[in-house]
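In terms of the UniProt record's numbering, the sequence shown has 78 at position 78, counting the first letter as 1, and numbering is strictly consecutive. Cβ atoms here follow ideal geometry from the backbone N, Cα and C, with glycine treated the same way. Below is one structure, written out as structure tokens; the observations come after it.
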Amino acid sequence: MSFQHACSTADIGPAEALSVTLSTADATDVAVAIVRDSDGTWHAIGDRCTHGDVLLSEGEVEDGSIECWGHSARFDLTTGTPTLPATQPTPVYPLSIDEDRVLVDVDHPTQA
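Below you can see the structure in the form of structure tokens.
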């Protein structure tokens, strides 16, 4: 599988995140946080904190990172690298904007 429609650009304002579930080529569901940083930059990362199994999409978006509301770990939106208490990165997925459509490729994640 390749890029698939995740949401519309109108669905997410600056410094907001949205939880979506997308499917890999082998039909595995993947929870993804679609994030629009405060500067308008778009990102797609795994939607689970690697420390506390909390939805990252419910956290605060600020300065290129998203905060897990469970224990305040922050995950870099570009690399997935966390701050303590989390120690494991979250996957980062390729994202593309096509007119008003946000497209994500969950088959080719990257990690720090």
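With fewer than 16 other beta carbons inside 10 angstroms of its own, proline 14 counts as exposed. Non-local C-beta neighbours of valine 106 in its own chain, meaning closer than 6 Å and more than five positions away in sequence, comprise Leu22, Thr24, Val30, Tyr93, ordered along the chain. Contact between valine 20 and valine 35 is absent: CB atoms are separated by about 11 Å, not below the 8 Å threshold.
For the options Ser72, Phe3, Val54, Asp63, the alpha carbon positioned closest to that of glutamate 16 is the one of Asp63. Boundaries cannot be given for valine 106, as no beta strand (DSSP E) includes it and DSSP labels it neither H nor E.
Taking 3 residues as the minimum length, the beta strand (DSSP E) runs contained wholly in the UniProt domain "Rieske" (4-104) are 4-8, 16-23, 29-36, 42-46, 65-67, 74-76, 95-98, 101-104, in order along the chain. Note that the segment 93-103 does not touch the segment 54-69; fewer than 3 beta-carbon pairs, one per stretch, sit closer than 8 Å.
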